[in-house]
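Residues in the sequence shown are numbered consecutively from 0, following the working numbering.
Right, one structure below, let's go through it.
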Amino acid sequence: MADALSEATLAALDDPFAQLGGPLAGTTRLAFEVVDSARFTPHMQRLRLTAPELDGFRYLPGQDVMLLVAAEGNRPVRRRYTIRGLDPAARLLTLDIVLHGDGPGERWVRAARPGDRIEGIGPRGKITTSATADWHLFMGDESALAATFAMAEALPAGSLATLILEIPEEDDEQDLSSAAATRISWLHRLGAPAGDPEALAAEAAEVELPAGRGHAYLFGEAKVVLRLREILAGRGLGEDQMSPKAYWGRGRANASHGEPAKDG
Ligand SMILES: Cc1cc2nc3c(=O)[nH]c(=O)nc-3n(C[C@H](O)[C@H](O)[C@H](O)COP(=O)(O)OP(=O)(O)OC[C@H]3O[C@@H](n4cnc5c(N)ncnc54)[C@H](O)[C@@H]3O)c2cc1C
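Printed below as a string of structure tokens:
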């Protein structure tokens, strides 16, 4: 058993999130313990975590938790992962985390064993499914799978959703179970590096946009998300019809608060 941070490291942290105020108002600090961790698809690890604070915990589909995965000196390093599911009765929260290569988040995920403890803060994030859209379009890479599937599964019967997801290979495809009418296009990278906008951009330029008012959810690499947003804006989607969120930046570690570092 190896906790993410030792008691001594935790006690010495200079933590900007020691108080959950400002943008973290309404979140809860969660004393997570790993229940199990297993390879779900070749590039995806599924972790189930428990915490006493999950009793009565509420979240919206698409929201995430921020995990305290490491420390650099006395500075905490956090990473954000979308809540794939929650079983409130069993106090079990599921995360689907991409194995992309290396980073403090990845190292923690690979080492996590049942009984390991890690601090979480959540729920975080403002993006959830639009209640008024006539149709929904989800686009992203494998880091967006948890958010996309959690949101698509929450859509009521009668809604219409198109999912376009870029993944490493066919074996990384997952089964979706939703009351909505859904159509999924899987784009296989087949050895090409993640974070190249071309495949998703081509789909954004050509995907059929049904009649009525739609909403697009764009998650993944920062520049890819920007490009998709530009293309869909060019096809007539207003800013209020798009929910873009940069999850990671190509060739660059996320900042210690878990989002891609800003340029400059
Ligand atoms: C709101 C939010 C929700 C998110 N939900 C999820 C989720 O449910 N599941 C999930 O897997 N990720 C999710 N992410 C993305 C995840 O937090 C980032 O991928 C993060 O960079 C991983 O941290 P790390 O320490 O492993 O790598 P970092 O230290 O941040 O990066 C190290 C290196 O790895 C590269 N890298 C990072 N992520 C990827 C990737 N996905 N593919 C290829 N290269 C990468 C970077 O470019 C860098 O070169 C979410 C991010 C946000 C902001």
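Glycine included, every Cβ here is placed at the ideal spot set by N, Cα and C.
Asn318 - partner residues in DSSP beta bridges: Any question about residue 318 goes unanswered here, given that the chain covers just 0 to 263.
Close beta carbons around Leu29, own chain, < 6 Å, minus the five adjacent residues each side: Within the sequence shown, numbered from 1, the residue matching residue 29 stands at position 30. These residues qualify, in order along the chain: Ala50, Glu52 and Gly119.
Proximity test, Asn253 beta-carbon vs ligand 1 heavy atom, cut-off 7 Å: Position 254 of the sequence shown, counted from the first residue, corresponds to residue 253. Result yes, Cβ under 7 Å from ligand 1.
Heavy atom of ligand 1 within 7 Å of Leu9 beta-carbon: As a first step, residue 9 is located in the sequence shown; it is residue number 10 there, counting from the start. No - ligand 1 has no heavy atom lying nearer than 7 Å to the Cβ of Leu9.
Contacting residues, own chain, Cβ-Cβ under 6 Å from Glu32 (five flanking each side not counted): Along the sequence shown, read from residue 1 onward, the residue named residue 32 stands at position 33. Excluding sequence neighbours, Glu32 sits near Thr49 and Arg116.
Minimum C-alpha distance to Thr128 - residue among Glu205, Pro41, Gln62 and Leu46: The residue given as residue 128 occupies position 129 in the sequence shown. Per the Cα distances, Gln62.
Any 3 or more C-beta pairs closer than 8 Å across the stretch 151 to 163 and the stretch 89 to 106: no
Nearest candidate by alpha-carbon position, reference Asp54, set Pro22, Thr27 and Asp170: Here residue 54 refers to the residue found at position 55 of the sequence shown. Residue Thr27 is the option with its Cα nearest to Asp54.
Sub-8 Å separation of Ala204 and Leu186 beta-carbons: The residue given as residue 204 occupies position 205 in the sequence shown. The residue given as residue 186 occupies position 187 in the sequence shown. Contact flag unset, no.
Leu46 versus Leu98, Ala17 and Arg74, residue with shortest Cα-Cα distance: For the purposes of this step, residue 46 is identified with residue 47 of the sequence shown, where counting begins at 1. The shortest C-alpha separation from Leu46 is found at Leu98.
With 16 other Cβ atoms within 10 Å as the buried cut-off, status of Asp140: Residue numbering aside, residue 140 sits at position 141 when the sequence shown is read from its first letter. Buried, by the Cβ-count rule.
Coarse secondary structure for Asp95, derived from DSSP in three states: In the sequence shown, the residue the question calls residue 95 occupies position 96. If DSSP states are grouped into helix, strand and coil, Asp95 belongs with the strands.
For Leu144 and Ala175, the rounded distance between their alpha carbons: For the purposes of this step, residue 175 is taken as residue 176 along the sequence shown, with counting starting at 1. For the purposes of this step, residue 144 is taken as residue 145 along the sequence shown, with counting starting at 1. Note that residue 175 is Leu in the sequence shown here, rather than Ala. Cα-Cα distance, rounded: 10 Å.
Thr181 versus Ala7 - alpha carbon distance: Counted from its first residue, the sequence shown places residue 181 at position 182. Counted from its first residue, the sequence shown places residue 7 at position 8. If I take the Cα positions, the gap works out to 49 Å.
Ala149 - containing alpha helix (DSSP H), residue span: Locating residue 149 in the sequence shown gives position 150, where the first residue counts as 1. Here the alpha helix (DSSP H) through Ala149 covers Leu144 to Ala153.
Cβ neighbours of Ala11 in the same chain (closer than 6 Å, five flanking residues each side left out): The residue you call residue 11 lines up with position 12 of the sequence shown. Contacts found: Asn73.
Residue burial classification, Asp171 (beta-carbon count within 10 angstroms, cutoff 16): The residue labelled residue 171 in the question sits at position 172 within the sequence shown. With 16 or more other Cβ atoms within 10 Å, it is buried.
Top-ranked residue by Cα proximity to Ala3, from Thr40, Ala70 and Lys125: The sequence position of residue 3 within the sequence shown is 4, counting from 1. Answer by Cα proximity: Ala70.
Straight-line gap, Ala200 to Ala179 (C-alpha atoms, nearest Å): Taking the first residue of the sequence shown as position 1, residue 200 is located at position 201. Taking the first residue of the sequence shown as position 1, residue 179 is located at position 180. Answer to the nearest angstrom: the Cα atoms are 25 Å apart.
Assumed close pair Ile163, Ser184 - CB separation to whole angstroms, cut-off 8 Å: In the sequence shown, the residue the question calls residue 163 occupies position 164. In the sequence shown, the residue the question calls residue 184 occupies position 185. Sure, about 5 Å apart at Cβ, within 8 Å.
Cut-off 6 Å between Cβ atoms - residues of its own chain near Ala221, not counting five sequence neighbours on either side: As a working note, residue 221 is residue 222 in the sequence shown. Hits under 6 Å: Ala245, Gly248 and Pro259.
Buried or exposed (CB count within 10 angstroms, at least 16 for buried), Pro196: Looking up residue 196 in the sequence shown gives position 197. With 16 or more other Cβ atoms within 10 Å, it is buried.
Contact belief for Pro103 with Val64 at Cβ below 8 Å, rounded distance in angstroms: Position 104 of the sequence shown, counting from 1, holds the residue named residue 103. Position 65 of the sequence shown, counting from 1, holds the residue named residue 64. Wrong, their Cβ atoms sit about 16 Å apart, outside the cutoff.
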